[in-house]
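Peer 1:
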């Protein structure tokens with residue numbers, strides 16, 4: 580019952596960071612966070628304050644933070660200090676093997692308190708992030724979970740400031756896939772913007788094995804079937 584669960588949680592109170600680092604104990608700590616009310620697990624949040632960036636880059640810690648962002652999606656004030664630390668470090672986390680999953684959850688959960696800050700920080704480094712293996716996943720989620728205005732800002736940056744390097748993105752293994760997904764997630768008007776910008780450079784896609792999928796989308800001959808990436 581909840582009393583037994585609370586007793587277990589109390590035993591972990593002074594060992595939160597140690598538990599996060601442990602192969603088995605991290606599961607117990609996450610279960611406590613998942614099933615107990617806030618007042619019974621606030622000690623977990625308190626221990627993460629001041630350590631959020633480091634925990635986000637940890638193989639088990641990133642999972643703890645993802646669960647926390649989901650649990651407090653509609654009550655972000657409970658984890659505001661942790662979120663502030665994550666947002667301040669978002670550029671580095673987006674490029675981290677584990678941290679990028681936390682940033683994806685910042686984008687997906689979409690709280691109006693922090694999502695615009697995350698969006699603006701990542702947009703300012705769009706060129707580098709598009710070509711990074713981990714960060715390209717984050718950019719894909721930004722576009723997928725953005726509203727029409729968010730997507731418009733990304734397109735303005737991509738097709739305006741970065742127009743000269745668009746052919747390089749089309750050739751690039753990771754950026755190419757993001758461009759594919761941007762077409763998939765766009766409305767008709769925005770998808771046409773992307774096609775109009777990329778079709779004049781379509782010949783570069785013949786040079787790449789993975790170029791055919793983007794070419795099919797540019798030609799309007801592709802129906803997305805929820806395909807996933809296979810390079811992880």
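In the numbering used here, the protein residues as written are 580 to 811.
Note that beta-carbon positions come from the ideal geometry of N, C-alpha and C, so glycine has one too.
1) How many Å lie between residue 742 and residue 688 at the Cα?
2) Answer with buried or exposed for residue 793, where buried requires no fewer than 16 other C-beta atoms within 10 angstroms of its C-beta.
3) Quick check on the DSSP output: the alpha helix (DSSP H) that includes residue 694 runs from which residue to which?
4) For the region 674-682 against the region 637-655, are there 3 or more C-beta pairs whose distance is under 8 Å?
5) What would DSSP say about residue 690, mapped onto helix, strand or coil?
6) Leaving out five residues on either side along the sequence, give the residues of the same chain with a beta carbon under 7 Å from the beta carbon of residue 571.
7) Exposed or buried, what is residue 621 when buried is set at 16 or more other beta-carbons lying within 10 Å of its beta-carbon?
8) In this structure, how does DSSP classify residue 674 when only helix, strand and coil are distinguished?
9) Tell me which same chain residues have a C-beta within less than 7 Å of the C-beta of residue 670, skipping the five on either side of it?
10) State the start and end residues of the unbroken alpha helix (DSSP H) segment that holds residue 755.
11) Could you check whether the region 616-630 touches the region 585-599, counting it as contact only if at least three pairs of C-beta atoms, one from each stretch, sit closer than 8 Å?
12) DSSP on residue 637, reduced to helix/strand/coil?
13) Quick check on this structure: which residue in 692, 666 and 632 has the alpha carbon closest to the alpha carbon of residue 654?
14) If distances are taken between C-alpha atoms only, which option among 630, 764, 602 and 591 comes closest to residue 611?
15) Taking the alpha-carbon positions, what's the residue 609 to residue 763 distance?
16) Please report how far the alpha carbon of residue 637 lies from the alpha carbon of residue 601, in whole angstroms.
17) In this structure, how does DSSP classify residue 810 when only helix, strand and coil are distinguished?
18) Within the continuous alpha helix (DSSP H) that includes residue 723, where are the two ends?
19) Please return the same chain residues whose Cβ sits closer than 7 Å to the Cβ of residue 710, not counting the five positions on each side in sequence.
20) Thinking C-beta only, is residue 744 closer than 8 Å to residue 769?
21) Going by DSSP in three states, residue 710 sits in which element: helix, strand or coil?
22) Could you tell me which of 729, 732, 716 and 736 sits nearest to residue 759, measuring between CA atoms?
23) To test your reading of the DSSP string, which unbroken alpha helix (DSSP H) runs of 4 or more residues are found completely within the region 583-607?
Peer 2: Working from what's here:
1) Their Cα atoms are separated by approximately 30 Å.
2) By the beta-carbon neighbour count (other beta carbons within 10 angstroms, threshold 16), residue 793 is buried.
3) 694-702
4) yes
5) Coil at residue 690, not helix or strand.
6) The chain is shown only over 580 to 811; residue 571 falls outside these bounds and no answer can be derived.
7) exposed
8) coil
9) 700 and 704
10) Run containing residue 755: 752-764, per the alpha helix (DSSP H) assignment.
11) The count of Cβ pairs closer than 8 Å, one atom from the region 616-630 and one from the region 585-599, reaches three, so the stretches are in contact.
12) coil
13) 692
14) 591
15) 35 Å
16) 11 Å
17) Low confidence applies here, because residue 810 scores a pLDDT of 36, under 50, leaving its location unreliable; read the following figure in that light. Three-state DSSP puts residue 810 in coil, outside helix and strand.
18) 714-723
19) 751, 753 and 754
20) no
21) coil
22) 716
23) Here the runs fully enclosed are 595-599.
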